[in-house]
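A.B. asks: For the sequence shown, the numbering used here assigns the number 56 to the initial residue and increments by one for each residue that follows.
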Amino acid sequence: MRTEEDLRGAMDHLADQAPHPADIRAALTAGRAYRPRRTTAILATAVVTATAAVAAVVVPHVISHGRSDSATQDKRDTAWSRWVDLNLPKNIQAVGQVFTQNRQDYEMVDVVQQTWPTFCQLQLHRNGDFDPATIPAGSTPTDISGHEAWIVSSTPAKPFLPAPQAHRFPLFAAVQKTLAWQPVDGVWALLSCESQRKLGTVRVPTIDGAMVTNVTLSRSLAESFAPPTGSLGSPVKLGELPQGVTPRQIDYAPYEKGIPGGGESFSVLLSDGNPATGYVHKPPTRSGPPLGANIGVWDPALGDDLRIRYSTDQFWNLLSRYPDRFKPDAIIHGMKAYYYTGQIQYSQLKPSTPPKLDKRQPVDTIRLEGNGASIEIVSLAKTPSKDDLRRVAESLEVTKHPKTPSTWFDASTAIG
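This is the structure we're talking about:
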């Protein structure tokens, strides 16, 4: 499991060249139905290929965006909502957040402490996604804000904490201690933190220094958890979708001030539930991950059919910054729209050289640029249709405030 959790150097799509908080660790270690609905230097050559799976027929996929008077419990019952309010201290930030039907992952770092890095992984499980019977006998019982909890010890060779989803960094402590408890009814939380510094000692920090479990921090964070009052924001409202395709996963990485060139990143992976018709990953090199393994933060899973990614990083205008070379194919939502195959190259040796778009192959990507943000809609189909993607793009509703997540749409209704 540890090898599967190694930091991956592979990049996802064009905008994935933007820096990410994980680098902190790397340095240290036809008619349509419309519904309302890492460093300052330019990175090395990035070659991104989008392949395989979306139905050629696009039909309306009705999602109601009307707000109701439903209780907080009702909102928490949706996949695209926050099941728990974390109430994190200012120095701890959830740099990576992954949402699926019955599980939510939060990867957290101490963004203030630069000398002794600290990392935490939190998983929230519901609907039987975590079996409390797997808590080993002999685990230390404890109390978290009046809730019965256990401290579970494990090792990297036989970890208790399930592997993170599309992780940005693993946990390395030789002995891991995980808090397991129910912060709210129906939701199990698993939280593990580790720091490079041994508590109570003074050591000279070193690259790749030993990490040790930090139960004190885990407990402190856990005691601040509360029933949800806020919502998960989405910069877009989904509109028209390919037949049978529904949202499967949301990835959100908020802007972190300490990372030059970074920005808000929000990605939705959609699938029709049939692995045979969707995305098939092939390792980029002989030493790459096994077939079907995720190689990047936003890498699709086997069978995914569509990806919609919104970003405000420094590469948001990568094509429109070269008006003499690239002409938009359309204007959608006031944003310049470019149609291409998803094969884009950017040279580190010649930073001023614009990327190359391969017009010889069928369009599988529409990229929108404008208002300080980019939106990429990628078909993972064998026979993608430009018109299909255009209808998906035109039926989106886009936030007018790309860098203010507090004003974004409520994902529980915007994503559906």
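All C-beta atoms in this analysis are idealised placements derived from N, C-alpha and C, irrespective of residue type, glycine included.
So, with DSSP's three-state summary, where would you put aspartate 140?
C.D. replies: Working through the sequence shown from its first residue, we reach residue 140 at position 85. It is a strand residue.
A.B. asks: Rounded to whole angstroms, how far is the Cβ of alanine 428 from the Cβ of serine 366, which I believe are closer than 8 Å?
C.D. replies: Counting from one through the sequence shown, the residue named residue 428 turns up at place 373. Counting from one through the sequence shown, the residue named residue 366 turns up at place 311. Your pair alanine 428 and serine 366 checks out as a contact, with CB atoms roughly 7 Å apart and the cut at 8 Å.
A.B. asks: Between the alpha carbons of arginine 137 and methionine 163, how many angstroms are there, rounded?
C.D. replies: Along the sequence shown, read from residue 1 onward, the residue named residue 137 stands at position 82. Along the sequence shown, read from residue 1 onward, the residue named residue 163 stands at position 108. Going by the C-alpha atoms only, they are around 16 Å apart.
A.B. asks: My parser needs the beta strand (DSSP E) runs of 3 or more residues fully inside the stretch 265-346; what are they?
C.D. replies: 301-308, 320-326
A.B. asks: Taking a contact to mean a Cβ-Cβ separation below 8 Å, would you say leucine 226 touches glutamate 249 in this structure?
C.D. replies: The residue you call residue 226 lines up with position 171 of the sequence shown. The residue you call residue 249 lines up with position 194 of the sequence shown. Cβ atoms of leucine 226 and glutamate 249: closer than 8 Å.
A.B. asks: With a threshold of 8 Å between beta carbons, is valine 230 in contact with chain B?
C.D. replies: Absent here is chain B; the protein component of the structure consists of one chain.
A.B. asks: Per DSSP, which residues does histidine 202 bridge with? Please list them.
C.D. replies: The residue labelled residue 202 in the question sits at position 147 within the sequence shown. DSSP lists Ile199 as partners of histidine 202.
A.B. asks: Just checking my contact of serine 286 with alanine 466 at CB under 8 Å: how many whole Å lie between their CB atoms?
C.D. replies: Sequence index remark: in the sequence shown, residue 286 carries index 231 (1-based). Sequence index remark: in the sequence shown, residue 466 carries index 411 (1-based). Contact holds; Cβ gap of about 7 Å.
A.B. asks: Asparagine 142: which of Pro238, Asp419, Gly358 sits nearest, CA to CA?
C.D. replies: Translated into positions along the sequence shown, residue 142 becomes position 87. Of Pro238, Asp419, Gly358, the residue nearest in Cα terms is Pro238.
A.B. asks: Expressed to the nearest angstrom, what Euclidean distance is found between the alpha-carbon atoms of leucine 423 and lysine 458?
C.D. replies: As a position in the sequence shown, residue 423 is number 368, starting the count at 1. As a position in the sequence shown, residue 458 is number 403, starting the count at 1. If I take the Cα positions, the gap works out to 16 Å.
A.B. asks: Report, in whole angstroms, the separation of the C-beta atoms of tryptophan 463 and glycine 288, which I expect to be a contact under 8 Å.
C.D. replies: As a first step, residue 463 is located in the sequence shown; it is residue number 408 there, counting from the start. As a first step, residue 288 is located in the sequence shown; it is residue number 233 there, counting from the start. Confirmed, about 3 Å.
A.B. asks: Classify alanine 33: buried if its beta carbon has 16 or more other beta carbons within 10 angstroms, exposed otherwise.
C.D. replies: Residue 33 falls outside the range modelled here, since the chain spans only 56 to 471, and no answer is possible.
A.B. asks: Name, in chain order, the residues that DSSP records as bridge partners for aspartate 160.
C.D. replies: The residue you call residue 160 lines up with position 105 of the sequence shown. Answer by DSSP bridge pairing, in chain order: Val153, Gln178.
A.B. asks: Alpha carbon to alpha carbon, what distance is there between glutamine 176 and tyrosine 310?
C.D. replies: One-based indexing of the sequence shown puts residue 310 at position 255. One-based indexing of the sequence shown puts residue 176 at position 121. Cα-Cα distance, rounded: 19 Å.
A.B. asks: Whose C-alpha, out of Asp184, Lys213, Ile147, Ser461, is nearest the C-alpha of serine 275?
C.D. replies: By 1-based counting over the sequence shown, the position of residue 275 is 220. Among Asp184, Lys213, Ile147, Ser461, the Cα nearest to that of serine 275 belongs to Ile147.
A.B. asks: From the DSSP output, in three-state form, read off aspartate 360 for me.
C.D. replies: Walking along the sequence shown from the start, residue 360 turns up at place 305. Correct three-state label for aspartate 360: strand.
A.B. asks: Can you tell which of Leu245, Arg223, Ile470, Pro214 has the C-alpha that lies nearest to the C-alpha of arginine 158?
C.D. replies: Position 103 of the sequence shown, counting from 1, holds the residue named residue 158. Measuring from the Cα of arginine 158, the nearest candidate turns out to be Leu245.
A.B. asks: I'd like the span of the beta strand (DSSP E) that includes valine 230, first residue to last.
C.D. replies: Start at 1 with the first residue of the sequence shown, and residue 230 comes out as number 175. For valine 230, there is no enclosing beta strand (DSSP E), as DSSP marks it with neither H nor E.
A.B. asks: Near isoleucine 470, what residues of its chain come up, given a Cβ to Cβ distance below 7 Å and the 5 sequence neighbours on each side ignored?
C.D. replies: Locating residue 470 in the sequence shown gives position 415, counting from the first residue. Cβ within range, chain order: Trp135, Ser289, Leu293, Pro302, Ile305, Val323.
A.B. asks: Determine the direct distance from the alpha carbon of alanine 277 to that of lysine 145, and round the result to whole angstroms.
C.D. replies: Within the sequence shown, numbered from 1, the residue matching residue 145 stands at position 90. Within the sequence shown, numbered from 1, the residue matching residue 277 stands at position 222. Approximately 15 Å, taken between the alpha carbons.
A.B. asks: Please report the residue range of the alpha helix (DSSP H) in which threonine 468 lies.
C.D. replies: Indexing the sequence shown from 1 puts residue 468 at position 413. From DSSP, the alpha helix (DSSP H) with threonine 468 extends over 466-469.
A.B. asks: For leucine 325 versus histidine 388, is the C-beta distance shorter than 8 Å?
C.D. replies: Within the sequence shown, residue 325 is the residue found at index 270, counting from 1. Within the sequence shown, residue 388 is the residue found at index 333, counting from 1. Against a cut-off of 8 Å, the Cβ pair of histidine 388 and leucine 325 comes out as no contact.
A.B. asks: Could you tell me the alpha carbon to alpha carbon distance between tryptophan 236 and glutamine 178, rounded to whole angstroms?
C.D. replies: Here residue 236 corresponds to residue number 181 of the sequence shown, with the count starting at 1. Here residue 178 corresponds to residue number 123 of the sequence shown, with the count starting at 1. Going by the C-alpha atoms only, they are around 11 Å apart.
A.B. asks: For a test of the three-state rule: what should DSSP assign to aspartate 165, helix, strand or coil?
C.D. replies: Here residue 165 corresponds to residue number 110 of the sequence shown, with the count starting at 1. Three-state result, aspartate 165: strand.
A.B. asks: When DSSP builds the beta bridges, which residues end up paired with leucine 246?
C.D. replies: Numbered from its first residue, the sequence shown carries residue 246 at position 191. Looking at the DSSP assignment, leucine 246 forms a beta bridge with Leu177, Leu234.
A.B. asks: Could you tell me the boundaries of the beta strand (DSSP E) in which leucine 423 lies?
C.D. replies: Position 368 of the sequence shown, counted from the first residue, corresponds to residue 423. Following the DSSP letters along the chain, one finds leucine 423 inside the beta strand (DSSP E) bounded by residues 420-425.
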